[in-house]
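Here is the structure we will look at.
There are 2 protein chains.
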Amino acid sequence: MAFLKVVPLEKALEVVLSFDISPGVEEVELENALGRIVAEDIFSPLDVPPFDRATVDGYAVRAEDTFMASEASPVELRIVGEIHAGETPKIELHKGETAYISTGAMLPNGADAVIQFEDVERFDDRIRIYKPAYPGLGVMKKGADIEKGRLLVKKGTRLTFKETALLSAVGISRIKVFRRIRVGIISTGNEVILPGSELKPGQIYDINGRALADAVRELGGEGIFIGIAKDDRDSLKDLIRKAIMLSDIIVLSGGASGGMRDLTASVIEELGEIKIHGIAIQPGKPTIIGLVEGKPIFGLPGYPTSCLTNFTLLVAPLILKAYGREGRIKKVRARLKHKVFSVKGRRQFLPVKLQGDVAIPILKGSGAVTSFVDADGFIEIPENVESLEEGEEVEVTLFSF
Amino acid sequence: MAFLKVVPLEKALEVVLSFDISPGVEEVELENALGRIVAEDIFSPLDVPPFDRATVDGYAVRAEDTFMASEASPVELRIVGEIHAGETPKIELHKGETAYISTGAMLPNGADAVIQFEDVERFDDRIRIYKPAYPGLGVMKKGADIEKGRLLVKKGTRLTFKETALLSAVGISRIKVFRRIRVGIISTGNEVILPGSELKPGQIYDINGRALADAVRELGGEGIFIGIAKDDRDSLKDLIRKAIMLSDIIVLSGGASGGMRDLTASVIEELGEIKIHGIAIQPGKPTIIGLVEGKPIFGLPGYPTSCLTNFTLLVAPLILKAYGREGRIKKVRARLKHKVFSVKGRRQFLPVKLQGDVAIPILKGSGAVTSFVDADGFIEIPENVESLEEGEEVEVTLFSF
């Protein structure tokens, strides 16, 4: 067994990112696309506006007919029709002609400008114009807003209402999105029970199961809670087998006891292959990464803050890569509230709470639920650093996806 | 008709916030609660941990038995049993006794400390201890993490995986959340058609319908797209009646033409009551706010950026208030990329794009779809201000919910 041949984080990540997770693609209606991740570059199938469009209520003209207009010598044009928004113009403007046109309507052939109605005088079937109109006045030209063929939404984009609205504007009603990556979540430990069950003395409620399943959902995946494995071989094997049937990736979080950790490693080795067992980081030293029936399986620490830190460092990058969203882990810069110490030779990830741009280290211990809830993310204290100073600028990797 | 009796934004907001929208409450399983908005303060029903809990693998002891221990004169204790995680201890420690205990297990009666196994020597049924243990060593006390009765999640909180995990940790499996507020969305205009339909000359695809429906969803509501009203009385009345049956709030966005605006006002007045018609802001001057069968109805501008600005100023606050999330419109501070001008006496809201902490004014015109997509939010230029300077600090209200 590759037991605790500790490797650097970079090596572990290299192994993780070599796993081939293809979520597959599905087509969804635009109205159900919010929050989904686009599986291909989307280009505009048309010009917006799709025609030369009046931007004011007024009179469509041939600009050259008006070039000589002045206060002293107005130009008169004959009204040959009306064009309303949504209509296909049935008329064409010839020299000396004009047509009433409403905002949003399509310019008739021959016209290249729209003079707003406040700027002309109307007499029955004629208008009088007192100053020249230039070509393009009162008009949004075909394609001026969005040109046909323009890249609208890049592959890997997570759709907000901005993008769904943009796709609507170019008439796209169905789009290809990545199928949600299914992540099977298993909690472990004899003492751990599900919320909703009655707590017997000595038992505690599960936290990592819900945390991981919902973190996966926030990442755009489907978090499937498989169950809680007891501290025995058969229980763990059963749940891993079930997870393999239902998921693309399996994530276990360890029970508190050291025995559970060994059991997890040995069961993964029996069912598949351990690729990494031990990473030179704290927390996360005993983390396991393996493959069972071609599916990546992760054994993460049991303490909630440690579990989430390792999820963010190792599992989230795999999910993001599969979605074409490499490197989209959220990070912010902040200043450290007070000095913190580490141990030389230990690469440490320390949970912090953010208050504006100040990062407050959480020193309560990663076993506490309250540490987990307070933590907005973590900072790294590199191997060769023994302390970070008060006020020092740090990069905070966020627990927010 | 209360036509264009222009009122200040504050007056309009006062009217909006006086509307009584009670979304109602429903109970959901914790596993379906992510993203929902909590309808009551939630307090912890128990202590976490629910018992004094070993934080290391080792030996449970009565600390006072070890006070005299030293390298020169170790203390010996007799092992009377083992306690594993998840078990109810069947033993009690008396003077001179100890028990093997694993991490996460419940301390037996009598014990008040756990000495990790590396720090003792074991001989058959006895251990030898070389230094004193203080009460609480190797123990997380009952309630040390979360005390019973502590406020966990406040009413109005939108649940992220942090909160769902916290609720799981205290054993809560069902929670009361606000029912999603249903917002019926109507687009208007003869030239506007739905994406997926074939575009005829003179027609354009709808944008506001999708934008508003999905913005409402991002706000935690249910955006229901009702349809596109043609520029005639019956079409508009039919859709408003349908919207009233299906929704708690109705939002119309105007077609490009002025005639549509008048029609909307007259139909709302026929079906109900206009409360506000005209607000002293740009864009949004002709905005209509009314009540039809007790349900708030908004007539917003047709240009997408203007529509979204007015939605953010007027509709979003009503939805947030109903959820107990008053004032949770997202705002950030930024510096203006370059000088912008306004007209004295006009209170203007200008769309901006954010690049880091720099706000770049978007001057392309609010009719452009690309303006809408580029805009991250808007800044206000007050009535008595004619320009904002390059580098000036501005507050950006975000188009992000």
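Respectively, the protein sequence lines represent chains A and B. Each residue of the first sequence is one higher than the one before, starting from 1 at the first, in our numbering. Each residue of the second sequence is one higher than the one before, starting from 1001 at the first, in our numbering. For each residue, glycine too, the CB sits at the ideal point set by N, CA and C.
Segment limits, alpha helix (DSSP H) that includes residue i
i, result
"B:V1016", "1009–1018"
"B:K1237", "1233–1246"
"A:K321", "316–322"
"B:G1209", "1208–1218"
"A:A169", "161–169"
"A:F349", "From DSSP, A:F349 is part of no alpha helix (DSSP H) but of the beta strand (DSSP E) over 348–355."
"B:T1309", "1304–1310"
Extent of the continuous beta strand (DSSP E) run through residue i
i, result
"A:A113", "113–116"
"B:T1188", "1182–1188"
"B:S1253", "1249–1253"
"B:F1225", "1222–1229"
"B:G1290", "1288–1292"
"B:V1358", "1358–1361"
"B:K1331", "1331–1336"
"B:A1060", "1058–1061"
"B:P1296", "1295–1300"
"B:T1098", "1097–1101"
Per-residue contacts from residue i into chain A (C-beta, under 9 Å)
i, result
"B:E1218", "L34, G35, T160, F161"
"B:I1186", "Those do not exist, as B:I1186 stays about 15 Å from chain A at its closest Cβ, beyond 9 Å."
"B:G1209", "A165, S168"
"B:M1140", "G365, G367, A368"
Backbone CA spacing between residue i and residue j [nearest angstrom]
i, j, result
"B:K1275", "B:L1354", "35 Å"
"B:R1210", "A:I21", "32 Å"
"B:S1387", "A:G136", "28 Å"
"A:I204", "B:G1104", "9 Å"
"B:L1320", "B:F1019", "12 Å"
"B:V1385", "B:K1285", "18 Å"
"A:K162", "B:F1401", "12 Å"
"A:R128", "A:R150", "41 Å"
"B:D1057", "B:P1049", "17 Å"
"B:G1299", "A:E218", "34 Å"
"B:A1002", "A:F67", "Caution applies to B:A1002, whose pLDDT of 47 falls short of 50 and renders its modelled position unreliable; the value that the coordinates give is listed next. One C-alpha to the other measures close to 42 Å."
"B:L1034", "B:G1391", "40 Å"
"A:L398", "A:V352", "9 Å"
"A:K344", "A:S306", "20 Å"
"B:E1082", "B:P1108", "10 Å"
"A:E64", "A:Y134", "8 Å"
"B:F1341", "A:I226", "59 Å"
"A:D374", "A:I362", "8 Å"
"B:D1262", "B:V1153", "46 Å"
"A:D125", "A:Y100", "10 Å"
"B:D1112", "A:P301", "26 Å"
"B:E1040", "A:E393", "39 Å"
"A:G327", "B:L1246", "42 Å"
"B:E1014", "B:V1025", "25 Å"
"B:A1322", "B:P1023", "7 Å"
"A:A368", "A:L314", "22 Å"
Cβ separation of residue i and residue j, assumed to be a contact under 8 Å, to the nearest whole Å
i, j, result
"A:A213", "A:L308", "About 12 Å separates the two Cβ atoms, so there is no contact after all."
"B:V1183", "B:G1221", "5 Å"
"B:T1098", "B:V1038", "With a Cβ gap of about 46 Å, B:T1098 and B:V1038 do not count as contacting."
"A:I297", "A:I250", "4 Å"
Partner residues on chain A for residue i, Cβ-Cβ distance less than 7 Å
i, result
"B:P1201", "F51, T88, M106"
Amino acids of chain B, ordered along the chain, whose beta-carbon sits closer than 7 Å to that of residue i
i, result
"A:V369", "V1048, D1145, I1146, L1166, A1169"
"A:V373", "K1162, L1166"
"A:I204", "P1049, P1050"
"A:L30", "P1195, R1210"
Where residue i meets chain B, residues with beta-carbon distance less than 8 Å
i, result
"A:S173", "L1194, P1195, G1196"
Chain-ordered chain A contacts of residue i [CB-CB under 8 Å]
i, result
"B:N1190", "H84, A85, G86, E87"
"B:A1215", "F161"
"B:F1311", "Near B:F1311 there are no residues of chain A at all, since even the closest Cβ is about 10 Å away, more than 8 Å."
Proximal residues of chain B, C-beta to C-beta of residue i below 9 Å
i, result
"A:F225", "E1031"
Practice task
Mind the definition here: the segment 1040–1053 of chain B touches the segment 1168–1175 of chain B only if three or more C-beta pairs lie below 8 Å; say whether that holds.
Solution key: yes
Exercise for the section: Pair every Cβ in the segment 1048–1058 of chain B with every Cβ in the segment 1139–1149 of chain B, then say whether three or more of these pairs are closer than 8 Å. Expected result: yes
Exercise for the section: Note down, in chain order, all residues in the segment 78–100 of chain A with a beta-carbon under 9 Å from any beta-carbon belonging to chain D. Expected result: In the displayed structure, chain D is absent; the protein chains listed are A and B.
Exercise for the section: Would you check if the segment 1181–1198 of chain B and the segment 85–94 of chain A touch, i.e. whether three or more CB-CB distances between them fall below 8 Å? Expected result: yes
Exercise for the section: Indicate whether the contact test is met: 3 or more Cβ pairs, each with one atom in the segment 375–382 of chain A and one in the segment 331–350 of chain A, closer than 8 Å. Expected result: yes
Handout entry: Stretch-stretch touch, CB-based, cutoff 8 Å, three pairs: the segment 234–251 of chain A with the segment 259–275 of chain A
Key = yes
Practice task
May I ask you to verify whether the segment 1023–1040 of chain B touches the segment 1073–1081 of chain B, counting CB pairs closer than 8 Å and requiring at least 3?
Solution key: no
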